[in-house]
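Here's the structure we're looking at; comments come further down.
Chains as they are written, first to last, in my numbering: chain H, 195 to 482; chain B, 195 to 482.
Written as structure tokens, this is what we have:
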């Protein structure tokens, strides 16, 4: 290897694979890296396998096995996307069982963080440690349906790059520049891309998001039953799920640590892919 | 002034003053600095006017008027210390009224942070901005009565310097050294010291602390009604009121910011007196 050779990009060339689960669904997934337990990722609103930043996945996979998958009805997976977070968690459990994974580390991002919370409450033994990125607990006041400009930015029938940048990146030139670099990385894979997500997925996921955000103080207590170590992280300017809710999670979950990344928004984990991957690695490998 | 002259220490020489309130209590207080609104401080468990770090008070007072006082039955104030946080808040309001203060910034420390929360809920118009140091909301799980080693360290009939250091400072040599320096500063005033706090105050305040810590998830919702900007701060190793509860407050209060200071404990605001005073000043003068 010479000094000018490019770093390897395993996620860019990771094959689309399929596993058939007991619920009758054929799940699309990709995996890179090695190690036990694997780190399984739960994707954001309307995202498929191609919406994970390859730079983040490769950084995470330098130290461990990383698995991305499409849940039911999403991208290349069969079936119809359900409209509740609880059913999404059951569907994720069916995928893990099909993969013969008895225990995993989970990283849930945005709606994926809702699914991750629900999964660890439904089947605690499956989860060793939990990373919640751009997350909020069910029932928190003030987040129902997201702000109008947020759902307008990412909820339209066709992908709107400016709308995506406005939600996933902060208004500063530095953050927007990081956003445009991300769009380049997301477009880099040209062969064997995942199937796009459908309007049915958009509608079902948004219904689940709205239900999750119906304010109900009593439901906040649910996450106090999460008895694994949790790392809560967010961008300081996330307009979709405010960092306020990261503090709330960290204050409700008994074993939580929290980090808020400066000058970033919903996609802080892509903007700070190397730093966030290092923070996740430190958390997952910490003897606690 | 020559380069070798010592910095002025206004709080060390501030006179003990008395004001008579409508509730029949003669309140002991001190004040330094100038400006409107004043910053009024609410003291920790068993603390009197001499238990405020003069370095912190002088740093705060460099930019504004700072008022410290003994609440009912504490130190040089008359009366019997009540055993509920709510009554302590009413007693603090009586002091502010006696001082003819229509609006203040409040800094509550430890049990004083409980009183500050209650005060702003009872009489919102009195408070412009709120600083909660080493704080927790009423009803939070896991803090009832403090850990046995904590109440053993600071709950004995006579002052135990090692017990105080073990609660107010982290175990590291740097933090303990800061603690010994603080004990020196607290002892520096020899004339006109405040009256010591009594066993009656200790018992009543501890009863109030225990009642505050009875777990009740529903009560957590109360602080979501605090509609002023709030700065929540704690030491990362506070054994008395865990930083976990600072995140909980920051997640429940709509307009909150939070900072956790490294390698410090319950007395982080004394250990980091210059940095904390600067952070408070930035918060209080921020246009928000």
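C-beta atoms are modelled at their ideal positions from N, C-alpha and C, and glycine is treated no differently.
Note that the coordinates shown come from a computational prediction; the quantities given were computed from them, not determined experimentally.
Cross-strand partners of residue i (DSSP beta bridge)
| i | result |
| --- | --- |
| residue 214 of chain B | B:220 |
| residue 208 of chain B | Its beta-bridge partners do not exist; DSSP assigns none. |
Residue i - DSSP class collapsed to helix/strand/coil
| i | result |
| --- | --- |
| residue 245 of chain H | helix |
| residue 225 of chain H | strand |
| residue 234 of chain B | strand |
| residue 308 of chain B | helix |
| residue 197 of chain H | Low local confidence applies: a pLDDT of 49 at residue 197 of chain H is under 50, so the model's placement there is unreliable, with the coordinate-based value given in what follows. Note: residue 197 of chain H maps to coil in three-state DSSP. |
| residue 300 of chain B | strand |
| residue 261 of chain B | strand |
| residue 347 of chain B | helix |
| residue 464 of chain B | helix |
| residue 411 of chain H | helix |
| residue 420 of chain H | coil |
| residue 432 of chain H | coil |
| residue 459 of chain H | coil |
| residue 202 of chain B | coil |
| residue 385 of chain H | coil |
| residue 341 of chain B | coil |
| residue 314 of chain B | helix |
| residue 136 of chain H | In the structure as shown, chain H starts at 195 and stops at 482, and residue 136 of chain H therefore has no counterpart that could be examined. |
| residue 330 of chain H | coil |
| residue 253 of chain H | helix |
| residue 482 of chain B | coil |
Contacting residues, own chain, Cβ-Cβ under 8 Å from residue i (five flanking each side not counted)
| i | result |
| --- | --- |
| residue 345 of chain H | 339 and 400 |
| residue 280 of chain B | 312 and 316 |
| residue 290 of chain B | 234, 298 and 320 |
| residue 386 of chain H | 209 and 210 |
Host beta strand (DSSP E) of residue i (start-end)
| i | result |
| --- | --- |
| residue 279 of chain B | Where residue 279 of chain B is concerned, there is no enclosing beta strand (DSSP E), although the alpha helix (DSSP H) it sits in stretches over 279-292. |
| residue 455 of chain H | 450-455 |
| residue 429 of chain H | 424-429 |
| residue 327 of chain B | 321-327 |
Proximity of residue i and residue j at Cβ, strictly below 8 Å
| i | j | result |
| --- | --- | --- |
| residue 442 of chain H | residue 332 of chain H | no |
| residue 454 of chain B | residue 329 of chain B | no |
| residue 299 of chain H | residue 202 of chain H | no |
| residue 266 of chain H | residue 244 of chain H | no |
| residue 314 of chain B | residue 301 of chain B | no |
| residue 309 of chain B | residue 288 of chain B | no |
| residue 359 of chain B | residue 464 of chain B | no |
| residue 430 of chain H | residue 458 of chain H | yes |
| residue 242 of chain B | residue 391 of chain B | yes |
| residue 215 of chain B | residue 221 of chain B | yes |
| residue 438 of chain H | residue 415 of chain B | no |
| residue 389 of chain B | residue 270 of chain B | yes |
| residue 318 of chain B | residue 421 of chain B | yes |
| residue 418 of chain H | residue 428 of chain H | no |
| residue 335 of chain B | residue 409 of chain B | yes |
| residue 475 of chain B | residue 206 of chain B | no |
| residue 445 of chain B | residue 445 of chain H | yes |
| residue 341 of chain H | residue 213 of chain H | no |
Beta-carbon proximity list for residue i, same chain, < 6 Å, skipping 5 on both sides
| i | result |
| --- | --- |
| residue 396 of chain B | 240 |
| residue 225 of chain H | 261 |
| residue 423 of chain H | 323, 449 and 482 |
| residue 425 of chain H | 325, 451 and 477 |
| residue 347 of chain B | 357, 360 and 361 |
| residue 237 of chain H | 306 |
| residue 228 of chain H | 259 |
| residue 174 of chain B | The structure shown does not extend to residue 174 of chain B, since chain B is modelled only from 195 through 482, so no value can be given for it. |
Segment limits, alpha helix (DSSP H) that includes residue i
| i | result |
| --- | --- |
| residue 374 of chain B | 367-381 |
| residue 473 of chain H | 467-479 |
| residue 396 of chain B | 393-406 |
| residue 359 of chain B | 355-362 |
| residue 444 of chain H | 437-446 |
Own chain, CB closer than 7 Å to residue i, minus 5 neighbours either side, in chain order
| i | result |
| --- | --- |
| residue 278 of chain B | 402 and 405 |
| residue 394 of chain B | 267, 274 and 275 |
| residue 253 of chain H | 467, 468 and 471 |
| residue 379 of chain B | 247, 248 and 249 |
| residue 263 of chain B | 221, 222, 223 and 289 |
Cβ-heavy atom distance, residue i to the ligand PLP, below 7 Å
| i | result |
| --- | --- |
| residue 358 of chain B | The ligand PLP is not part of this structure, which contains no ligands at all. |
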